[in-house]
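Reviewing the structure listed below.
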Ligand SMILES: Nc1ncnc2c1ncn2[C@@H]1O[C@H](COP(=O)(O)OP(=O)(O)O)[C@@H](O)[C@H]1O
Ligand SMILES: Nc1ncnc2c1ncn2[C@@H]1O[C@H](COP(=O)(O)OP(=O)(O)O)[C@@H](O)[C@H]1O
Ligand SMILES: [Mg+2]
Ligand SMILES: [Mg+2]
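Chains as they are written, first to last, in our numbering: chain A, 1 to 246; chain B, 247 to 492.
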């Protein structure tokens, strides 16, 4: 691996809805720039917001560092400055893996169940990551038929997602927050190993304060409940106080 | 079991979109009346059609009889007359199990794949049978969480559905018809055994004539491609000519 102080940003490889991904002078390292932008409903709602990129970048860095300490291998390498970090380049498997501990969002709507119904065991779901198709819900047999992933890979992905869930629940428990659900993306690194990639932030989690019952996540933006960045900053502040995470 | 000649129709237990289910003087036997009605899009499109009930009733009777001969236990007991049959009463597991050999319908739309793309292996899918919820697509973890069925039951259901697929493919092969996809419902009989129930008919299958490429199923109605009953009658005629089925 290149000496990390020598890493230089090269070409913009992909500009997504929340991040820009740049190549670097090391083919195995990507430069991630967290943008001051928030989107919802597959990009149909989009707003620029000062401070949003930085907060997510820092939250994701803290969480990925903690997960690595707890044995969950991931792409995070180094925080560069407020909005930028270095990560291992992976081949993303185009599945958004959702873990649900309580009913909310599309689940609640699809099955008309009580908001925040608690599940006996976490539920996992796959969505096929495709902006054009609107990230359709997909089952294992369809994933295989469309050659998106193998059965073995799906089982590995679920195992990683559930390990992440266990550790995240521990962290948020210490913050008196319920982890309602979250989404992860898994990639294949250059050794062929499946590792956690992308980000874990209030953009990709649903978090509810146990005392106030308030959302501390992108639902604030989706539902127009108020200013988003102060909420994300509050979350970051609380996260930084958790022993072991900081 | 009551002497079948002594069975009497009692109360209407359930009037569905295609059939009326009556109790009888035997608590384990139901009287099914196939109505002259066809619906699509969860009942939003609905038309009365003379001869439709009879054709479906006869097709389903032929297929269930054949499946039983091929070791696939099912609810069918006896054809009474054109529109009526006796079946074993079961507790329906509220899952519509879909088997797909080629892409069509909601699959084709959801994943924007080529019409009639052939899959290497059949795909199975579960839909939660609920008119109010519009039969939402559901995965195994959700089925378990909502206590709709156990993991073991889901595996048994899939095994039955795939056995049905194998035999149906053999039958339709002899008729020069591609079995694109179909839906089954499975119920629990009074011994606690999972058996095939409901109906298998052109209402619940997608069938494409290999030579003419024409649909021989409810897609004729869904897409307004012409008169439905003559198509169903043609199918019945061809089915009756298959050796072993008649
Ligand atoms: N380590 C990685 N290597 C390569 N690609 C990654 C890595 N981590 C995340 N990605 C991908 O980079 C993009 C991140 O930008 P984002 O704004 O989240 O995109 P999107 O709008 O597609 O969600 C996503 O497509 C994500 O799958
Ligand atoms: N053997 C059986 N015992 C009890 N219920 C059955 C059996 N076979 C089918 N059913 C149920 O009877 C109803 C059949 O009527 P149908 O018109 O197909 O209803 P729907 O509009 O709900 O599809 C369905 O709800 C089906 O699940
Ligand atoms: Mg993203
Ligand atoms: Mg029905």
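Where a beta carbon is used, it is the ideal one built from N, C-alpha and C, also for glycine.
Assign residue 55/A to buried or exposed, taking buried as 16 or more other Cβ atoms, counted over all protein chains shown, within 10 Å of its Cβ.
Counting Cβ neighbours within 10 Å, residue 55/A comes out buried, since at least 16 surround it.
If distances are taken between C-alpha atoms only, which option among 474/B, 259/B, 322/B comes closest to residue 299/B?
That would be 474/B, whose Cα lies nearest to the Cα of residue 299/B.
Taking contact to mean 3 or more Cβ pairs, one atom from each stretch, closer than 8 Å, check whether the stretch 90-107 of chain A and the stretch 135-155 of chain A are in contact.
Enough Cβ pairs lie closer than 8 Å, so yes.
Contact set between residue 124/A and chain B, taken where Cβ atoms lie within less than 7 Å:
Within chain B, the residues whose beta carbon sits less than 7 Å from that of residue 124/A are 387, listed in sequence order.
Classify residue 14/A: buried if its beta carbon has 16 or more other beta carbons within 10 angstroms, exposed otherwise.
Exposed, since its Cβ has fewer than 16 Cβ neighbours within 10 Å.
Heavy atom of ligand 4 less than 8 Å from the Cβ of residue 265/B, yes or no?
Residue 265/B has its Cβ nearer than 8 Å to a heavy atom of ligand 4.
Look at the Cβ atom of residue 329/B, then the Cβ atom of residue 257/B, and state whether they are nearer than 9 Å.
No, the Cβ-Cβ distance between residue 329/B and residue 257/B is not below 9 Å.
Start-end ranges of the alpha helix (DSSP H) lying completely within the stretch 113-146 of chain A, minimum 4 residues:
You should have 140-145.
Boundaries (first-last residue) of the alpha helix (DSSP H) holding residue 167/A
Annotation for residue 167/A: the continuous alpha helix (DSSP H) segment containing it runs 151-174.
Does any residue of chain A have a CB that is nearer than 9 Å to the CB of residue 379/B?
So yes, residue 379/B belongs to the interface.
Work out the CA separation of residue 166/A and residue 121/A for me, nearest whole Å.
Cα-Cα distance, rounded: 11 Å.
Could you tell me whether the Cβ of residue 220/A comes closer than 9 Å to any Cβ of chain B?
Contact of residue 220/A with chain B is not assigned, every C-beta pair being separated by 9 Å or more.
Proximity test, residue 191/A beta-carbon vs ligand 1 heavy atom, cut-off 8 Å
Flag unset: Cβ of residue 191/A not near ligand 1.
What span of residues does the beta strand (DSSP E) with residue 28/A cover, start to end?
Per DSSP, residue 28/A belongs to no beta strand (DSSP E) and is neither H nor E.
Which whole runs of the beta strand (DSSP E) in the stretch 419-461 of chain B are 3 residues long or more, in chain order?
Runs of beta strand (DSSP E) with 3 or more residues, each lying fully within the stretch 419-461 of chain B, are found at 423-434, 440-443, 451-455, listed in chain order.
Near ligand 4: residue 433/B beta-carbon under 8 Å from a heavy atom:
No - ligand 4 has no heavy atom lying nearer than 8 Å to the Cβ of residue 433/B.
Which same chain residues end up closer than 7 Å to residue 164/A when comparing Cβ atoms and leaving out the 5 residues on each side of it in sequence?
Taking C-beta separations shorter than 7 Å and ignoring five residues to either side along the sequence, the partners of residue 164/A in its chain run 67, 72, 184, 196, following chain order.
Cut-off 6 Å between Cβ atoms - residues of its own chain near residue 280/B, not counting five sequence neighbours on either side
Contacts found: 265, 299, 302, 303, 329.
Segments of 3+ residues assigned as beta strand (DSSP E) that fall wholly inside the stretch 309-334 of chain B:
Scanning the stretch 309-334 of chain B from its first residue to its last, the whole beta strand (DSSP E) runs of 3-plus residues come out as 322-327, 330-334.
Considering only heavy atoms of ligand 3, does any lie closer than 8 Å to the CB of residue 132/A?
Outside the cutoff, so no.
Going straight from the alpha carbon of residue 488/B to that of residue 482/B, what length do you get?
Distance between the alpha carbons of residue 488/B and residue 482/B is about 10 Å.
What does the alpha-carbon distance come out to for the pair residue 112/A and residue 401/B?
Rounded to whole angstroms, residue 112/A to residue 401/B spans 26 Å at the Cα level.
Is residue 53/A near ligand 4, judged by its Cβ being under 8 Å from some heavy atom?
Using a cutoff of 8 Å, the CB of residue 53/A does not count as near ligand 4, since none of the ligand's heavy atoms is closer than that.
Cβ atoms of residue 388/B and residue 107/A: under 9 Å apart, would you say?
Cβ distance < 9 Å, so residue 107/A and residue 388/B count as in contact.
Could you pull the DSSP bridge partners for residue 17/A from this structure?
The partner list for residue 17/A (beta bridge, DSSP) is empty, contrary to what the question assumes.
Got a sec, what are the start and stop residues for the beta strand (DSSP E) residue 102/A sits in?
Annotation: the continuous beta strand (DSSP E) that includes residue 102/A extends over 95-102.
Taking a contact to mean a Cβ-Cβ separation below 9 Å, would you say residue 480/B touches residue 462/B in this structure?
Contact: yes.
Verify the CB distance criterion: does residue 230/A have a CB-CB separation below 9 Å to chain B?
No, no contact with chain B.
Any chain A beta carbon closer than 9 Å to residue 429/B:
Interface with chain A (9 Å Cβ-Cβ cutoff): residue 429/B is excluded.
Reduced DSSP category for residue 11/A - H, G, I as helix; E, B as strand; rest coil:
Residue 11/A: strand per DSSP, three-state reduction.
Coil, strand or helix - residue 338/B by DSSP:
Secondary structure of residue 338/B (DSSP, three-state): strand.
Identity of the residue in 63/A, 97/A, 89/A, 8/A nearest residue 158/A by Cα:
Cα-wise, what sits closest to residue 158/A is 97/A.
Verify the contact flag: residue 198/A, CB atom, against every heavy atom of ligand 6, threshold strictly below 8 Å.
Among the ligands in the structure shown, ligand 6 does not appear; only ligand 1, ligand 2, ligand 3 and ligand 4 can be found there.
At the level of alpha carbons, what is the spacing between residue 104/A and residue 115/A?
Taking the Cα positions, residue 104/A is about 6 Å away from residue 115/A.
Consult DSSP for residue 292/B and reduce its assignment to one of helix, strand or coil.
Of the three classes helix, strand and coil, the one that applies to residue 292/B here is strand, per DSSP.
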